[in-house]
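Right, one structure below, let's go through it.
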Amino acid sequence: MHYSPAPLHIPDGFLSIYVAIIFWVVSLMLIVYALKRVNQDLGERQVPLMGVLAAAIFAGQMLNFAVAGGTSGHMLGATLATILLGPWAAILVMTCVVGVQALIFQDGGLLALGANIFNMAIIGVSVSYFAYRTVQKLAGGKPWGLYVGGFAAAWLSVVVAALATALELAISGTSPANIALPTMGAVHALIGIGEGLITVGALAFLAAVRPDLVKRDNTEVPAGRVVWLVGLVIALGLAVLSPLASSNPDGLEWVAEQQGFIGLAQSPLYEIIPDYAFPGVSSEAVATIVAGLLGTTLVFVVALGLAYSRRKRSSPAESS
Amino acid sequence: MHVHFLDPYKPRASLIHAFDPRVKLVLAVAFILAVALTPIGAWPVYVLLFAVILSVVMLSELGVGYVLKRSALALPFVLAAVPILFTANGVPLLTVPVGPWTLTITVEGVQRFVTILLKSWLSIQMAIVLAASTPFPQLLVAMRAVRMPRLIVAIVGLMWRYLFVMVDEVLRLLRARTARSGDPGLPGVRIGGSLAWRARVTGGMAGNLLVRSFDRGERIYAAMAARGYDGEVRAFPLPPIPMGQRLILGVGLAVLLLLVLLGYLV
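Chains C and W supply the protein sequences, listed in that same order. In case it helps, the numbering used here puts the first sequence at residues 284 to 603. In case it helps, the numbering used here puts the second sequence at residues 18 to 283.
Right, here's the structure in full:
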């Protein structure tokens, strides 16, 4: 069985540099705040637990079940991490999961990692927390709050993360909003049901086997209200923005065009000498051919060097 | 069963493998950044960037085929960029009638689409070389060197240590389910109960995995505390980067900067 990529991990090249950097900055700020809270609120015994849970969530994404037509549902785990660890530690755990997926398995890009952490760790946890806490409050401590809250949190966090992904692609000018948003939303509304069912199954199992892990309210943490508010704002924001953006994509197109414009606006800065491409070369086609020749030479030299060093390496072995 | 196939590191005696992990991490990220900064349709620069990554792949002795095969991982995501072929404003290139609609492919659309594909393909190759030529503990050293928060590095380090253990657990859980309950891999065969039942069973397995990791976390904490762990994450001081590698780092960054500037000139 091989590791299969989830559809929410954006590879490099799909986000414009501005979007990638903005999300890196936002994610880093939130992670630093979460680190501060975890250092304050949790004891040192949490560090090994967070490492092992991150490994378990990574491995748990291999657990799948057959849906119809050869597709399968599997879990992302942000909701379970939130319910078991509380929001601050869950943000760190999910950040580590998403980071290792990008760094080691190329599941999601390195430059796009900021956006991927935002979608899966920050949205995943804060929206889960918002939905779960709200349902828990409504249930007033009755057992159904655990299951309904778990399902709602899992479904909502998956759908909102998908909408955020689509919106980021649209702002980057990679995918038109009126196509990406409804498609991603609809697909993940179905995927979210699978995530919700697995989460409920896991919670039912935990309530029977280790009730101390779920009955004690891990989600009642200091400054939890901040996460609740972030979750509310993100969920509401995307609920309002998504139909607006997809029915009226001109606004986003405008943003994308502006970004393209920024990219274009930079070029005159360097065009001090007009029509200057390569030294002595003016047309783009010729420049491409020159680049091709240069590149071929580079690769050829590398290949020659390699062959030479290999022969050198193997000849002493032969003589001895 | 041991899942070492998960570890992407491939030991070779290559030049790239011998690099300091800090130099490698910075150069790899700089390359991906340079690819991202190169404007749409600057084909000469993409050719040169491709020559650079191809040289790096060859120098790493990982095998061009291996890297190409792994780079297909990002392919499914290309679907997200397909609509741009039709929606970008510009000079029409080709009109395709699809049922009641006609779709027009524009030159600008093709340029943007091909650029996105190239960018993603060039970037993922560099990420593959980085992961396949650097053992994970060295990557942790590099992460510390670029001022990643200690707690994050500690969690990632522990996560890596137990990743293979947890994947083994998952494989055991899946094998047990295949033996006793229903194999999800057989098309057309009736597998267990209803959809909700199957999801419930999978959820139970996920819950079981979490319970086991809670227990394991407790044991690891006890073992660490027994050896003097007090919550502070300590690490060896980093060795200095050799002069020659500093030079390579500087030259590499300068070349990438030049390539990006070239992109705005042509």
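Each residue gets a CB set at the ideal place from its N, CA and C atoms; glycine is no exception. No experiment lies behind these values; they were computed from the predicted model shown.
Problem - For residue 286 of chain C, the three-state DSSP class (helix, strand or coil) - result: Note on residue 286 of chain C: pLDDT 40, under 50, position unreliable in the model; the coordinate value appears next. Here residue 286 of chain C sits in coil by DSSP.
Problem - residue 120 of chain W - DSSP class collapsed to helix/strand/coil - result: In this structure, DSSP gives residue 120 of chain W an extended state, which the three-state scheme calls strand.
Handout entry: Own chain residues within Cβ distance below 8 Å of residue 585 of chain C, not counting five before or after
Key = Excluding residues within five positions, none has a Cβ falling inside 8 Å.
Exercise for the section: Since I believe residue 65 of chain W is in contact with residue 149 of chain W (beta carbons under 8 Å), could you give me their beta-carbon distance rounded to a whole number of angstroms? Expected result: Residue 149 of chain W to residue 65 of chain W, Cβ: 23 Å. No contact.
Handout entry: chain C within 8 Å of residue 260 of chain W, Cβ atoms only
Key = It does not: the Cβ of residue 260 of chain W has no partner Cβ on chain C nearer than 8 Å.
Practice task
Anything in chain W within Cβ reach of residue 339 of chain C, meaning under 7 Å, just list it in chain order.
Solution key: Simply 183, 226, 227 and 230.
Problem - Collapsed DSSP secondary structure at residue 195 of chain W in the structure displayed - result: Of the three classes helix, strand and coil, the one that applies to residue 195 of chain W here is helix, per DSSP.
Problem - residue 517 of chain C vs residue 374 of chain C beta-carbon contact at 8 Å - result: No, these two residues do not count as a Cβ contact at 8 Å.
Handout entry: From W:210, W:87 and W:103, residue whose alpha carbon lies closest to that of residue 119 of chain W
Key = It is W:103 whose Cα lies nearest to the Cα of residue 119 of chain W.
Problem - Best match in C:597, C:582, C:592 and C:448 for proximity to residue 69 of chain W [C-alpha to C-alpha] - result: The candidate whose alpha carbon is nearest that of residue 69 of chain W is C:582.
Handout entry: Whole-angstrom distance between residue 197 of chain W and residue 451 of chain C, CA atom to CA atom
Key = Distance between the alpha carbons of residue 451 of chain C and residue 197 of chain W is about 44 Å.
Handout entry: Beta-ladder partner(s) of residue 114 of chain W, from DSSP
Key = Listed as beta-bridge partners of residue 114 of chain W by DSSP are W:119.
Exercise for the section: Indicate whether at least one CB of chain W lies closer than 8 Å to the CB of residue 482 of chain C. Expected result: Chain W, which has a Cβ nearer than 8 Å to the Cβ of residue 482 of chain C, makes this yes.
Handout entry: Outcome for residue 384 of chain C when other beta-carbon atoms lying within 10 angstroms are tallied against a minimum of 16
Key = In this structure residue 384 of chain C is buried. Its beta-carbon is surrounded by 16 or more other beta-carbon atoms within 10 angstroms.
Exercise for the section: Below 7 Å CB to CB, which residues in the same chain sit around residue 291 of chain C once its five sequence neighbours on both sides are set aside? Expected result: The residues are 402, 403, 444, 445 and 448.
Practice task
Using DSSP bridges, identify the partner residues of residue 109 of chain W.
Solution key: Partner(s): W:123.
Practice task
Find the residues of chain C that neighbour residue 46 of chain W, judging by a C-beta separation of less than 7 Å, and give them in chain order.
Solution key: Within chain C, the C-beta atoms nearer than 7 Å to that of residue 46 of chain W come from 393, in chain order.
Practice task
Could you list which residues in chain W have their beta carbon closer than 7 Å to that of residue 333 of chain C, in chain order?
Solution key: What residue 333 of chain C touches in chain W: 172.
Exercise for the section: Mind reading off the beta-carbon distance from residue 109 of chain W to residue 123 of chain W? Whole number of angstroms is fine, and I expect it under 8 Å. Expected result: Confirmed, about 6 Å.
Handout entry: DSSP state of residue 253 of chain W mapped onto helix, strand, coil
Key = Looking at residue 253 of chain W - three-state DSSP - the assignment turns out to be coil, as it is neither helix nor strand.
Problem - Within chain W, partners of residue 571 of chain C - CB distance below 7 Å - result: Chain-ordered, the chain W residues with CB closer than 7 Å to the CB of residue 571 of chain C read 60, 61 and 64.
Exercise for the section: Return yes when the Cβ of residue 51 of chain W is within less than 8 Å of the Cβ of residue 190 of chain W, no when it is not. Expected result: Cβ distance not < 8 Å, so residue 190 of chain W and residue 51 of chain W don't count as in contact.
Practice task
Please determine, among C:440, C:415, C:434 and C:331, the residue with the shortest C-alpha to C-alpha distance to residue 522 of chain C.
Solution key: Taking only the C-alpha atoms, the option nearest residue 522 of chain C is C:440.
Problem - Reduced DSSP secondary structure (H/G/I, E/B, other) of residue 455 of chain C - result: Reduced to three states, the DSSP call for residue 455 of chain C is coil.
Problem - 7 Å Cβ shell around residue 419 of chain C - same chain, five flanking residues per side excluded - result: Around residue 419 of chain C: 428 and 432.
Exercise for the section: Could you tell me the distance, in whole angstroms, from the CA atom of residue 221 of chain W to the CA atom of residue 488 of chain C? Expected result: Going by the C-alpha atoms only, they are around 5 Å apart.
Practice task
If I'm right that residue 178 of chain W touches residue 255 of chain W with Cβ under 8 Å, what's the distance once you round it to whole angstroms?
Solution key: Your pair residue 178 of chain W and residue 255 of chain W does not check out as a contact, with CB atoms roughly 20 Å apart and the cut at 8 Å.
Practice task
Indicate whether at least one CB of chain W lies closer than 8 Å to the CB of residue 347 of chain C.
Solution key: Output row for residue 347 of chain C: interface = yes.
Handout entry: Delimiting residues of the alpha helix (DSSP H) encompassing residue 284 of chain W
Key = Lying outside 18 to 283, the shown extent of chain W, residue 284 of chain W is not represented and no answer is given.
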